[in-house]
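Novice: Position in the sequence shown (first residue = 1) + 4 = the working numbering.
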Amino acid sequence: MGRSLTFIYGIVVYVIFLATFLYSIGFVGNMLVPKSIDSGAQGPIASSLIINLVLLSVFALQHSIMARPAFKRLWTTVIPQAAERSTYILMTSGALIMIFAFWQPLPAVVWDVRNTVLGTALTVLFWGGWLVVLASTFMIDHFDLFGLKQVCANLKKRQPIQLGFMEVGLYRFMCHPIMTGFLIAFWTAPTMTVGHLLFTFVTSGYIVIAVLRLEERDLIAQFGEDYITYQNKVPAFLPRFGRGAAK
Ligand SMILES: C[S@@+](CC[C@H](N)C(=O)[O-])C[C@H]1O[C@@H](n2cnc3c(N)ncnc32)[C@H](O)[C@@H]1O
């Protein structure tokens, strides 16, 4: 790929990702999108469960495999280094779009607290969760996380500056604010259906395992002692509900 083409690819992928991210909010929140987590007619329960679990597994596999340093080393012998992050983001968006398209609703209601004080509090937390996700990407480096810095540097024939270890903003209070934001947004539905609960259980389990077993191992390899000291002093997720809080 030429430098200009790689740059255009990075921009297009970023736009696709932004649209996918916005759609995710509508999908999980059952609002403003043609197909949401609870919309549509219910099919047979067993096949709906299997389809949904397959969709979530595809996402988990894509996300876990493509984020590993060993995979990136191999992968960048096939695609340009500068396009690696954008390609990861494109595949992540693709896996999400598959979930949006093929998700099977399981509409039996587990709880419904709409039009109550609790319902309002959950709605506020839902939006707060998404805000935490977005804001935290800027605390690290939004444009690096989504591949734009890499394609820009490549266009200017420069090496992108590697992110150093950071303990800024929300990262001073928890090691994983982006994932914490997702957990908040997924759990705070004023109306929780069986389908939504399935989505929330599986994604929460995946987030906890992927972060504690895979991502933190890579972060220690990347940042060394700085990250180990940080891990020991700062909770993984919500302040007071993480590893650091127990010490
Ligand atoms: C999708 S972000 C998720 C970060 C974190 N798990 C969270 O939930 O906020 C993954 C990227 O963040 C970077 N990262 C995570 N923690 C960091 C820190 N404290 N300082 C600098 N970069 C960090 C990793 O190197 C990786 O490229």
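Cβ atoms here follow ideal geometry from the backbone N, Cα and C, with glycine treated the same way. Please read all numbers here as calculations on a predicted model, not as lab measurements.
Using CA coordinates, which residue listed in Leu100, Thr141, Thr184, Gly33 is at the minimum distance from Gly123?
Specialist: Of the candidates Leu100, Thr141, Thr184, Gly33, the one whose C-alpha sits nearest the C-alpha of Gly123 is Gly33.
Novice: Please check the pair Phe21 and Ile93, which I expect to be a contact at CB under 8 Å, by giving their CB distance rounded to whole angstroms.
Specialist: Rounded, the Cβ-Cβ distance is 5 Å, consistent with contact.
Novice: Would you mind giving the Cβ-Cβ distance between Leu187 and Asn56, rounded to the nearest angstrom? I have them listed as a contact below 8 Å.
Specialist: The Cβ separation is near 19 Å, so there is no contact.
Novice: Per DSSP, Phe115 is paired with what?
Specialist: Inspection of the sequence shows that residue 115 is occupied by Trp rather than by Phe. Looking at the DSSP assignment, Trp115 forms a beta bridge with Met196.
Novice: Is Phe63 helix, strand or coil by DSSP?
Specialist: It is helical.
Novice: Taking the straight line between their C-alpha atoms, what separation do you get for Leu65 and Trp134?
Specialist: Going by the C-alpha atoms only, they are around 23 Å apart.
Novice: Which word fits Val82, buried or exposed, when buried means at least 16 other C-beta atoms lie within 10 angstroms of its C-beta?
Specialist: The residue is exposed, with fewer than 16 neighbouring Cβ atoms inside 10 Å.
Novice: Does the distance between the C-beta of Gln226 and the nearest non-hydrogen atom of ligand 1 fall short of 7 Å?
Specialist: Gln226: yes, Cβ under 7 Å from ligand 1.
Novice: Return the first residue and the last residue of the alpha helix (DSSP H) that Tyr27 is part of.
Specialist: First-last of the alpha helix (DSSP H) with Tyr27: 7 to 33.
Novice: Any heavy atom of ligand 1 within a distance shorter than 7 Å of the CB on His180?
Specialist: Under cutoff, so the answer is yes.
Novice: Please classify Ser40: does DSSP put it in a helix, a strand, or coil?
Specialist: Ser40: coil per DSSP, three-state reduction.
Novice: Taking its Cβ as the centre, do 16 or more other Cβ atoms sit within 10 Å of Gln166, making it buried, or is it exposed?
Specialist: When all chains shown are included, Gln166 counts as exposed.
Novice: Is Ile55 a contact residue of ligand 1, with contact defined as CB to any heavy atom under 7 Å?
Specialist: Because no heavy atom of ligand 1 lies under 7 Å away, the Cβ of Ile55 does not count as near it: no.
Novice: Report whether the distance from the Cβ of Ile165 to the nearest heavy atom of ligand 1 is below 7 Å.
Specialist: Checking the Cβ of Ile165 against ligand 1 gives no.
Novice: What's the gap between the Cα of Leu231 and the Cα of Phe169?
Specialist: The sequence shown places Tyr at residue 231, not Leu. Computed Cα separation, rounded: 8 Å.
Novice: Can you round the beta-carbon distance between Gly199 and Pro109 to whole angstroms, since I take them to be within the 8 Å contact cut?
Specialist: Right, their Cβ atoms sit about 5 Å apart.
Novice: Checking 8 Å against the spacing of the C-beta atoms, do Val137 and Gly185 come in under that value?
Specialist: In this structure, Gly185 lies closer than 8 Å to Val137 by Cβ.
Novice: Determine the contact status of Glu88 and Thr80, defining contact as a CB-CB distance below 8 Å.
Specialist: Yes, these two residues count as a Cβ contact at 8 Å.
Novice: Grab the span of the alpha helix (DSSP H) containing Gly133 for me, first residue to last.
Specialist: Its alpha helix (DSSP H) spans residues 121 to 144.
Novice: Going by beta carbon distance, what residues of the same chain come within less than 8 Å of Phe106, once the five residues before and after it are set aside?
Specialist: These residues qualify, in order along the chain: Ile55, Leu59.
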